[in-house]
Structures are given as structure tokens and as C-alpha cells.
Amino acid sequence: MSYWLYLPNNPPEDTQRKGLPLLVMLHGCHQTATQFAQGTRMNQWAEQMGYAVLYPQQLVSVQAQRCWKWYDRATQEGGGDVPTIVGMIGKVMTQYAIDRSRVYIAGISAGAGMANIIALNHPQLFAAVGLHSGPVFGAGHNTIGALGVMQHGAATRMDSAAHEVLMRHPQFPGMPAILIQGEGDQVVRPINQLQLTRQSRLLNRLSEGPKITHKPQGRGGRHNAHQLHDFYEGRKLLLRVARIADLEHAWSGGDPALAFNAKAGPDASKMMLEFFSRHRRA
4 MSYWLYLPNN
14 PPEDTQRKGL
24 PLLVMLHGCH
34 QTATQFAQGT
44 RMNQWAEQMG
54 YAVLYPQQLV
64 SVQAQRCWKW
74 YDRATQEGGG
84 DVPTIVGMIG
94 KVMTQYAIDR
104 SRVYIAGISA
114 GAGMANIIAL
124 NHPQLFAAVG
134 LHSGPVFGAG
144 HNTIGALGVM
154 QHGAATRMDS
164 AAHEVLMRHP
174 QFPGMPAILI
184 QGEGDQVVRP
194 INQLQLTRQS
204 RLLNRLSEGP
214 KITHKPQGRG
224 GRHNAHQLHD
234 FYEGRKLLLR
244 VARIADLEHA
254 WSGGDPALAF
264 NAKAGPDASK
274 MMLEFFSRHR
284 RA
């Protein structure tokens, strides 16, 4: 499996002392790693905020459309491509000065599904996860089932899949998450975000309701109207759910010259890095 690694040219002084935070970015179907980097403009934000960014790329020989097999039961339980990507992260952490308390993973669509699987199977490695237009965790189990999940979610597996994670990891430390979803998405429908929210509340043991913020549409359509549902434990923000009006199946605030990117904000890359900056793994 190939990967690309971005390292900032002028990292802040404190990251030079402590090591760089590392973000792992997983592309969606019909994308390459470099297209994902260009479309999300994540490297520009990483330069500004002092992050290293790792972009694994799915092999066409494994899946013809470069989809990650998030629906595969063995993968969901930590097999499939999971050990390969975790090994890749380990290699980067030994070769470069990385702050091991600040490792994050994110993706869009199938890449979001895969990012979630990797984080939930290796909760001590990751400080937080970012899921854009992602399918609910723990369901599908074949390609037909996956299409059903993308359209209808997986109500019968929603709670049980989260409880299985907690059973496999009795000392599960929680997994802070930012969930970003377009309300106009017809590919991975918003029901998935609702169910991911439920799973994240279970995994992070969040009983309090959210603080809701409404953001109006920006002038000239630069930003879509959106809502932020923020779930806290005390003063610590553990779960942010962003529901973006009018956004279809595309990275919010990306480069529209590339497929699966929408010009109108809010900028999902900036939102993710700002959320990640709040979290470290002890």
C-alpha cells in the first residue's frame, strides 16, 4: 500500500520540541490520496497549524474503485487493511518526530467508515477521530448490505456495534469525534450521522444533551447555513456534530475543481484541525 506524507515547512516552536501532531487522512471511493489532499486543502491548513498529514491509498487490486472495505465484518473487528494502516502509522512515528499523544484520523465516505474502524480498534493510539459523510459503524457485512446502510442506516446494529467495542476493550478510554454531514447527501444519507452520534454518545459515556449553535448562510453563498450540536463532559467538548444545509456528498469548503468537494463552507479541514487541537491521548 502506498502513502504520501506531508510535513510542514515552518512548524511552531513548541511542536519542534514536543514533536508534530499527526493526522491520518483516508480518501473516499473513486479518489486517490493526492486528489484527496488537493480537494480538502488539508496541507495548507496543516502548514498553518503545524501538523504532519499521512495519506494512505487503497490499492485498485484490492478494490476496483479504491473503496475501503468498511462494511467487511473482519475489517470492523480489526482485520483487513487495519493492521497495514496502523503499521504505516507506526513506521512514520519512528522515522519522524511525532507527538504520540496527538495522533488523529479522519476521512470522507468510505474513508470515514474506515477511519472510525481503525480508531475504535486502536483507541489508545488516537486522540480523536473526524468523520465527514461517513456510514454508521458495525453494519453492512457485504456490498449489498453496505448500500443499504448508506441509504437507510442500521438501526438494528446501532447500539450493539458500540457495545461490542466496549466489550472488546474493557478499558475503552472514549473517542472524541467530530461528525460532519451534508443534509442534501443522497449517497450516504443523514440518518447515518444520527446513528453515529448515538454510537459516539455511548462510546464517550455522554448523558447530557447538546449545546446547539445555529450558523446562518454566509453572504454570497460562501458558507452554507449549518448547526453545531456540541456534547460536553464538564467543560471538555467530546463530540461535535455539524449538520450542513444544502451540502451534498462532498467535502465542505473544498476545491470544487476536484470531484467530491464543495466550494461553499464551512471549511471542514479547518473545523477538524480546530477540534483535534483540543484533544490529547494520555
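Throughout, this note's numbering is defined as the position within the sequence shown, counted from one, plus 3.
Yeah, the Cβ is synthetic: ideal placement off N, Cα and C, and Gly gets one too.
This one's a predicted model, so the numbers in the text were calculated from it and none came from an experiment.
Check, Outcome
"Could you tell me if L241 is buried or exposed, where buried requires 16 or more neighbouring beta carbons within 10 angstroms of its beta carbon?", "buried"
"Taking the straight line between their C-alpha atoms, what separation do you get for P86 and I247?", "33 angstroms"
"Should T97 go down as buried or exposed, given a rule of 16 or more other Cβ atoms within 10 Å for buried?", "exposed"
"With burial defined as no fewer than 16 other Cβ atoms inside 10 Å of the residue's Cβ, what is the status of P59: buried or exposed?", "buried"
"Pull up the distance between the alpha-carbon of R208 and that of A149, whole angstroms please.", "27 angstroms"
"Pull up the distance between the alpha-carbon of D84 and that of R222, whole angstroms please.", "43 angstroms"
"Pull up the distance between the alpha-carbon of A253 and that of A131, whole angstroms please.", "22 angstroms"
"Along the beta strand (DSSP E) that carries T37, what are the first and last residues, could you check?", "Element bounds for T37: not the beta strand (DSSP E) but the alpha helix (DSSP H), 36 to 43."
"Would you identify the three-state DSSP class for N264, choosing helix, strand or coil?", "strand"
"Give the secondary structure of A100 by DSSP, where H, G and I count as helix, E and B as strand, and everything else as coil.", "coil"
"Could you pull the DSSP bridge partners for F234 from this structure?", "L242"
"Under 8 angstroms, with one C-beta from each stretch per pair, do the stretch 270 to 281 and the stretch 203 to 218 reach the 3-pair mark?", "no"
"Count the CB pairs spanning the stretch 94 to 109 and the stretch 71 to 80 that are closer than 8 angstroms, and state whether there are at least three.", "no"
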